[in-house]
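Engineer: Residue 250 in UniProt numbering sits at position 250 of the sequence shown; the count goes up by one each step and never skips.
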Amino acid sequence: MEFEGIKAEGVEKRYGSGASAVTVLEGLDLEIQPHSFVSLLGPSGCGKSTLLKILGGIESASAGDVTVNGVPVGEAVRRRQFGLVPQKAALLPWKTALENARMLRQIATRRKRGADIEEAAAKALEMVGLTEAAHKLPHELSGGMAQRVSIARALALDPQILLMDEPFGALDAITRDEMNLRLADVWAETRKTVVFVTHSIPEAVFLSDVIHVMGTKPGRIVETLEIDLPRPRTLEVFDTPTFQEYAAHLRHQLEPKAVA
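(1) Straight-line CA distance for L25 to Q87?
(2) Please classify V213 as buried or exposed, where buried requires at least 16 neighbouring CB atoms within 10 angstroms.
(3) Rounding to the nearest angstrom, what Cα-Cα distance links G42 and A115 in this structure?
(4) Using beta-carbon positions only, say whether G64 and A76 come within less than 9 Å of one another.
(5) Among residues of its own chain, excluding the 5 on either side of R153, which ones have a beta-carbon nearer than 7 Å to its beta-carbon?
(6) Buried or exposed, going by whether 16 or more other CB atoms sit within 10 Å of the CB of T242?
(7) Just tell me which of R231, S208, I201 has its CA closest to the CA of Q253.
(8) What's the call for P159, buried or exposed, on a 16-neighbour Cβ count within 10 Å?
(9) Suppose contacts are defined by Cβ-Cβ distances below 9 Å. Is A133 in contact with L141 by that definition?
(10) By Cβ distance below 8 Å, which residues in the same chain neighbour S60 in space, the five residues on each side in sequence not counted?
(11) So, are the CB atoms of V210 and F82 less than 9 Å apart?
(12) Give the secondary structure of S39 by DSSP, where H, G and I count as helix, E and B as strand, and everything else as coil.
(13) Under a Cβ-count criterion, where at least 16 other Cβ atoms within 10 Å of its own Cβ denotes burial, should K48 be classed as buried or exposed?
(14) Once the 5 residues before and after V205 are set aside, which same chain residues still bring their CB inside 8 Å of it?
(15) Below 6 Å CB to CB, which residues in the same chain sit around P34 once its five sequence neighbours on both sides are set aside?
(16) Measuring alpha carbon to alpha carbon, tell me which of L137, G70, T67, L28 ends up nearest L51.
(17) If contacts are defined as beta-carbon pairs under 8 Å, then M127 and E189 qualify, I think. What distance do you get, rounded to the angstrom?
(18) Got a sec? Which residues, its chain only, sit under 8 Å from V22 by beta carbon, not counting five neighbours each side?
(19) Please say whether L84 and L163 have beta carbons closer to each other than 9 Å?
(20) What residue range is occupied by the uninterrupted alpha helix (DSSP H) comprising K53?
(21) In terms of residue numbering, what span does the beta strand (DSSP E) encompassing I201 cover?
(22) Could you have a look at T109 and say whether DSSP puts it in helix, strand or coil?
(23) Candidates E12, P218, T234: which alpha carbon is nearest S44's?
(24) I'd like to check one pair, I151 with L183: are the Cβ atoms closer than 9 Å?
(25) Give me, in chain order, the residues of the same chain whose beta-carbon lies closer than 6 Å to that of F168; leave out the 5 immediate sequence neighbours on both sides.
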């Protein structure tokens with residue numbers, strides 16, 4: 001039986017050729033279970049975003065294979081199984097929150113209008129708590145609200161898999177906590193498979209079922225850690241001994257000598 005999830009085997013990524021070639025990822029294997037929340041955690045330059053793009057078929061691997069629900073990743077892209085939330089919201093400034101939220105679905109279906117498009121965009125905005133801001137333009141939104149529109153834009157596609165490339169990295173600590181709570185609620189409601197790139201240890205522990213810790217030179221998985229914390233999770237979990245033990249372990253794993 002084919003693996004029902006994301007499977008990467010022997011993935012490598014090189015840029016350039018010959019003596020000037022740079023190896024970004026090497027000998028990378030992982031499995032991501034369907035409906036799970038999985039974080040890629042590691043220092044800058046370890047290839048987290050590159051790996052995310054390879055898992056989502058945005059970039060091709062130099063070697064190795066990626067399958068999604070038993071089919072090659074390229075076929076999963078053609079079936080529109082992925083939704084991407086980038087580091088920056090990148091909203092079109094002349095479109096309202098609702099118009100931005102429905103834009104990718106319009107492109108994917110090659111239709112500007114349709115009851116399904118309007119319903120999907122409105123539902124996605126509701127899930128991220130922005131129904132009342134549906135007709136606001138991007139300059140009227142806070143940074144956190146703009147990122148929620150970005151999440152809604154991806155959710156409106158109704159993908160099986162949500163790829164999130166450090167979407168909260170530019171937010172202040174309080175807003176980041178609020179976004180983590182909101183994202184946890186969205187995941188609980190939709191049970192999408194989420195692959196989440198982050199530099200933040202507390203964020204990874206709070207959100208994840210599984211954390212893949214990455215090392216550098218070249219990028220690789222140095223540890224896979226399952227997070228055994230009950231759900232739903234509130235911010236109070238940060239103060240529990242189990243949470244703190246996970247965070248301390250990951251800090252040790254991410255010390256420069258450990259991941260180099």
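Backbone N, C-alpha and C fix where the C-beta goes; we use that ideal spot for every residue, glycine too.
Structural biologist: So, from the listed chains and residues:
(1) Counting from one through the sequence shown, the residue named residue 25 turns up at place 25. Counting from one through the sequence shown, the residue named residue 87 turns up at place 87. Cα to Cα, L25 sits roughly 21 Å from Q87.
(2) As a first step, residue 213 is located in the sequence shown; it is residue number 213 there, counting from the start. Result: buried.
(3) Position 42 of the sequence shown, counted from the first residue, corresponds to residue 42. Position 115 of the sequence shown, counted from the first residue, corresponds to residue 115. Each residue's alpha carbon lies about 42 Å from the other.
(4) By 1-based counting over the sequence shown, the position of residue 64 is 64. By 1-based counting over the sequence shown, the position of residue 76 is 76. In this structure, A76 does not lie closer than 9 Å to G64 by Cβ.
(5) In the sequence shown, residue 153 corresponds to position 153, counting from 1. The residues are N100, A101, M103, L104.
(6) Here residue 242 is taken as the residue at index 242 of the sequence shown, counted from 1. It is exposed - the Cβ of T242 has fewer than 16 other Cβ atoms within 10 Å.
(7) Position 253 of the sequence shown, counted from the first residue, corresponds to residue 253. Closest by alpha carbon: I201.
(8) Locating residue 159 in the sequence shown gives position 159, counting from the first residue. Result: buried.
(9) By 1-based counting over the sequence shown, the position of residue 133 is 133. By 1-based counting over the sequence shown, the position of residue 141 is 141. Yes, these two residues count as a Cβ contact at 9 Å.
(10) Within the sequence shown, the letter at position 60 stands for residue 60. For S60, where only same-chain residues beyond five positions count, the Cβ hits under 8 Å are I54.
(11) Residue numbering aside, residue 210 sits at position 210 when the sequence shown is read from its first letter. Residue numbering aside, residue 82 sits at position 82 when the sequence shown is read from its first letter. Cβ atoms of V210 and F82: not closer than 9 Å.
(12) Here residue 39 refers to the residue found at position 39 when the sequence shown is read from its first residue. Looking at S39 - three-state DSSP - the assignment turns out to be strand.
(13) Locating residue 48 in the sequence shown gives position 48, where the first residue counts as 1. It is buried - the Cβ of K48 has at least 16 other Cβ atoms within 10 Å.
(14) Along the sequence shown, read from residue 1 onward, the residue named residue 205 stands at position 205. Hits under 8 Å: I211, I227, L229, F243, Y246, A247, L250.
(15) Residue 34 sits at position 34 when you count from the first residue of the sequence shown. E4, G5, T193, listed in sequence order.
(16) Residue 51 sits at position 51 when you count from the first residue of the sequence shown. The residue with the shortest Cα to Cα distance from L51 is L28.
(17) The residue you call residue 127 lines up with position 127 of the sequence shown. The residue you call residue 189 lines up with position 189 of the sequence shown. Correct: roughly 6 Å between the Cβ atoms.
(18) As a position in the sequence shown, residue 22 is number 22, starting the count at 1. Correct list, in chain order: R14, Y15, G16.
(19) Within the sequence shown, numbered from 1, the residue matching residue 163 stands at position 163. Within the sequence shown, numbered from 1, the residue matching residue 84 stands at position 84. Yes, Cβ-Cβ distance for L163 and L84 is below 9 Å.
(20) Position 53 of the sequence shown, counting from 1, holds the residue named residue 53. Note, K53: alpha helix (DSSP H), 48–55.
(21) Mapped onto the sequence shown, residue 201 falls at position 201. Premise fails: I201 lies in the alpha helix (DSSP H), 201–207, not in any beta strand (DSSP E).
(22) As a position in the sequence shown, residue 109 is number 109, starting the count at 1. In the structure shown, T109 sits in a helix (DSSP, three-state: H, G or I).
(23) Start at 1 with the first residue of the sequence shown, and residue 44 comes out as number 44. The candidate whose alpha carbon is nearest that of S44 is P218.
(24) Counting from 1 along the sequence shown, the entry for residue 183 is found at position 183. Counting from 1 along the sequence shown, the entry for residue 151 is found at position 151. Yes, they are a contact pair.
(25) By 1-based counting over the sequence shown, the position of residue 168 is 168. R176, M179.
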